[in-house]
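Below is one structure, written out as C-alpha cells; the observations come after it.
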Amino acid sequence: MLNQPNSFDNDPFLFDIQDLPRPANNLFDQVPTKQLTFQIIQKYNLWAKEKGYPQSFSLESEEFFFGRWNYGNNFKNISSYPGSYAIQEVIRFDILFPESTRGKVMHLFSGSLPPGNYVRVDHNLSDPNDIDFKGDAKDISIHFQNEFDFIFADPPWNKEHAERTYKTKLVNKEKVLKACFESLKPGGILVWKDAYKPRYSRKLFQYFGQITVDPSTGHMDRSFRFFRKVV
Numbered sequence: 001m002l003n004q005p006n007s008f009d010n011d012p013f014l015f016d017i018q019d020l021p022r023p024a025n026n027l028f029d030q031v032p033t034k035q036l037t038f039q040i041i042q043k044y045n046l047w048a049k050e051k052g053y054p055q056s057f058s059l060e061s062e063e064f065f066f067g068r069w070n071y072g073n074n075f076k077n078i079s080s081y082p083g084s085y086a087i088q089e090v091i092r093f094d095i096l097f098p099e100s101t102r103g104k105v106m107h108l109f110s111g112s113l114p115p116g117n118y119v120r121v122d123h124n125l126s127d128p129n130d131i132d133f134k135g136d137a138k139d140i141s142i143h144f145q146n147e148f149d150f151i152f153a154d155p156p157w158n159k160e161h162a163e164r165t166y167k168t169k170l171v172n173k174e175k176v177l178k179a180c181f182e183s184l185k186p187g188g189i190l191v192w193k194d195a196y197k198p199r200y201s202r203k204l205f206q207y208f209g210q211i212t213v214d215p216s217t218g219h220m221d222r223s224f225r226f227f228r229k230v231v
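Residues 1 to 231 in UniProt numbering are what the sequence shown spells out, letter by letter.
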C-alpha cells in the first residue's frame with residue numbers, strides 16, 4: 001500500500017473499494033459519549049506521561065473533550081502525497097482508538113497511509129490490487145449505507161490548497177459530510193481534520209471533541225474534530 005501512487009484521472013477524490021478482511025466489531029458504538037470522552041483523555045494523558053509529553057487532554061464538559069498536539073518542526077506529512085495523516089498523528093490515534101477496536105473503517109482523502117483494514121478514498125491511489133470501484137467522495141453513500149464504524153477525513157482546506165497541493169478542485173465539504181453521515185452506522189465516529197469547522201446539523205451529528213495541532217511558525221493551524229452519528 002506504500003508504493004508510489006498512480007493517478008487514475010483528474011476527477012476530485014476518487015475512491016477504490018477493496019475486498020478487505022473484516023476487522024473486529026467496533027467496541028465504541030454502544031459506549032455513551034461521556035464514557036467515551038473520559039476514556040480518550042485517560043488513554044492519551046497516560047501515554048503522554050510515559051513518553052514525557054505534555055498531558056494536554058481535558059474535559060470541557062461530560063460530553064466534550066479538548067486536546068492539543070505540538071510536534072514542533074516535526075509536524076509535516078513526510079509522504080509528500082496529500083491527504084495522508086502524518087505519522088505522529090497515526091501513532092496517537094492508535095492510542096486513542098486501537099485499530100482492533102475500530103470496526104469497519106473508511107479513510108477519505110487517504111493519501112499514502114500505512115497498510116491496514118480500511119477502505120481508502122482518494123483521487124490518487126497506490127494499491128497494487130485491482131480496482132473494484134471508482135467514484136466521487138460525495139457519492140459514497142450511494143454505495144454504502146450505514147456500513148462504517150469509523151470515517152477519517154483530511155480534506156483540502158480552501159481552493160488554493162486544493163489546486164496547489166491536491167492538484168484538483170475544492171470538494172464540496174457539506175455534501176461530503178452528509179455522505180459520511182449516511183455511510184456511518186448509528187453511533188459511528190467521524191474524525192474530520194481541517195482548518196475550518198465544517199457546517200453540520202445537530203440532528204445528524206453530535207460534536208464531541210477537538211484536538212488542535214500547533215504547527216511551527218508560519219504554518220496554518222488545523223484541528224481534528226470528532227463527530228458521532230446521532231442514533
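No residue lacks a Cβ here, since even glycine has one placed at the ideal position from N, Cα and C.
Three-way DSSP call (helix, strand, coil) for residue i in this model
i, result
"H123", "Because H123 sits at a pLDDT of 46, beneath the cut-off of 50, its placement in the model cannot be relied upon, and the following sentence gives the value as read from the coordinates. H123 falls in the coil class under three-state DSSP."
"S201", "coil"
"F64", "strand"
"R92", "helix"
"V105", "strand"
Terminal residues of the beta strand (DSSP E) in which residue i lies
i, result
"A153", "F148 to A153"
"V191", "L184 to D194"
"F57", "No beta strand (DSSP E) holds F57; DSSP gives it neither H nor E."
"F226", "R222 to K229"
Segment limits, alpha helix (DSSP H) that includes residue i
i, result
"S141", "I140 to H143"
Beta carbon proximity, residue i to chain D, threshold 7 Å
i, result
"R202", "In the structure shown, chain D cannot be found, because there is only a single protein chain."
Selected residue, minimal CA-CA separation from residue i, among the options
i, options, result
"L184", "L46, F148, Y196 and Q88", "F148"
"A195", "D154, V230, F181 and K34", "D154"
"V191", "L46, P32 and F226", "F226"
"F150", "E174, Y200 and F181", "F181"
"R92", "Q145, G67 and A137", "G67"
"A48", "Q30, Q88 and F64", "Q88"
"P198", "G188, R222 and G187", "R222"
Cβ neighbour criterion (16 or more within 10 Å) applied to residue i
i, result
"V105", "buried"
"E62", "exposed"
"V176", "buried"
Cβ contact check for the region 204 to 214 and the region 139 to 146: 3 or more pairs under 8 Å: no
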